[in-house]
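Residue numbers (my numbering): 22 to 299. Cβ atoms here follow ideal geometry from the backbone N, Cα and C, with glycine treated the same way. Here's the structure, in structure tokens; my notes come after.
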């Protein structure tokens, strides 16, 4: 295994003297130690994970499974829905519910592109509730349900540019009862999206928390908390500057949210890298 990864790195090192110096002319003790720590589950960095996936030409499904394991999710309880599985949303009445609590944790990678976000969700059923429809504005996403249900197929909705995945609960939720569940969205952008994260609420949500985490390698120069009056509006109707914390995160809690809110940011000029997998 070390030799396969070594040969792959040698190919990458062509034209990159610093990488050639690092890996030498044969698998070094250091490289073998890195691979050993990854295989035993002690340390698996983003760089080492990419070595494995590229050197062994892994499928997208296997890559998603590895990412799930690295995030601490057992693959037996992770349901992954990939963009290629898009179907058309079927019309029909939906059971009614109220979102009691919502926590969005959005992560921006070192290339300046959204990497993934994780959602903790609590709903209260008004009618008997068997599923929750998770809607989002990109097809470049893979959804895995970490806890509380399983994911249905990715579908196009009747709204332009809006996609959905039904999260099917393990048991029906009786009227008046609550259900908590957790899901993770891994993003695969090939073009840089607007530098923002929005959350829309058509019906009031009692408690909403939004955190955006930036990578230490690429921190924004400015961040704003913003409000929009339309999903397709590019400019907010209101925004206010916020201070980036020392850990590279911004945070906001909102009670009784009804509308569209979120964070916008700017990176230093010329620092956005080529989109992943472009």
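For residue i, the three-state DSSP class (helix, strand or coil)
i, result
"residue 236", "coil"
"residue 178", "coil"
"residue 31", "helix"
"residue 77", "coil"
"residue 160", "coil"
"residue 71", "helix"
"residue 290", "coil"
"residue 106", "Low confidence applies to residue 106: its pLDDT is 41, below 50, so where it sits in the model is not reliable enough to give any reading."
Boundaries of the beta strand (DSSP E) in which residue i is found, first to last residue
i, result
"residue 263", "259-263"
"residue 252", "Looking at the DSSP string, residue 252 is not in any beta strand (DSSP E), and its letter there is neither H nor E."
"residue 125", "118-129"
"residue 276", "270-287"
"residue 193", "184-194"
"residue 208", "199-208"
"residue 139", "135-146"
Of the listed residues the options, nearest to residue i (C-alpha basis)
i, options, result
"residue 245", "125, 237, 198 and 233", "233"
"residue 186", "192, 200 and 204", "204"
"residue 274", "252, 227 and 171", "227"
"residue 75", "53, 57, 31 and 117", "31"
"residue 7", "202, 182, 140 and 184", "The shown model of the chain, from 22 to 299, leaves out residue 7, and the question about it has no answer."
"residue 238", "125, 129 and 71", "129"
"residue 214", "53, 55 and 286", "286"
"residue 127", "269, 173 and 278", "269"
"residue 374", "283, 277 and 240", "Outside the displayed range of the chain (22 to 299) lies residue 374, so it cannot be described from this structure."
"residue 243", "28, 249 and 265", "265"
"residue 223", "179, 176, 155 and 280", "280"
"residue 153", "179, 177 and 118", "118"
"residue 140", "169, 133, 132 and 134", "169"
"residue 2", "134, 133, 73 and 138", "Coverage of the chain is limited to positions 22 through 299, which leaves residue 2 absent and any answer about it impossible."
"residue 325", "133, 122 and 144", "This structure cannot settle anything about residue 325, because the visible part of the chain is limited to 22 through 299."
Whether or not the stretch 205-219 and the stretch 155-163 are in contact is what I'm after, with contact meaning three or more pairs of Cβ atoms, one per stretch, closer than 8 Å; do they touch?
As far as the Cβ criterion goes, the stretch 155-163 touches the stretch 205-219, which means the pair count is three or higher.
Quick check: the stretch 142-154 against the stretch 244-262, are at least 3 beta-carbon pairs closer than 8 Å?
Output reads no: the stretch 142-154 does not touch the stretch 244-262.
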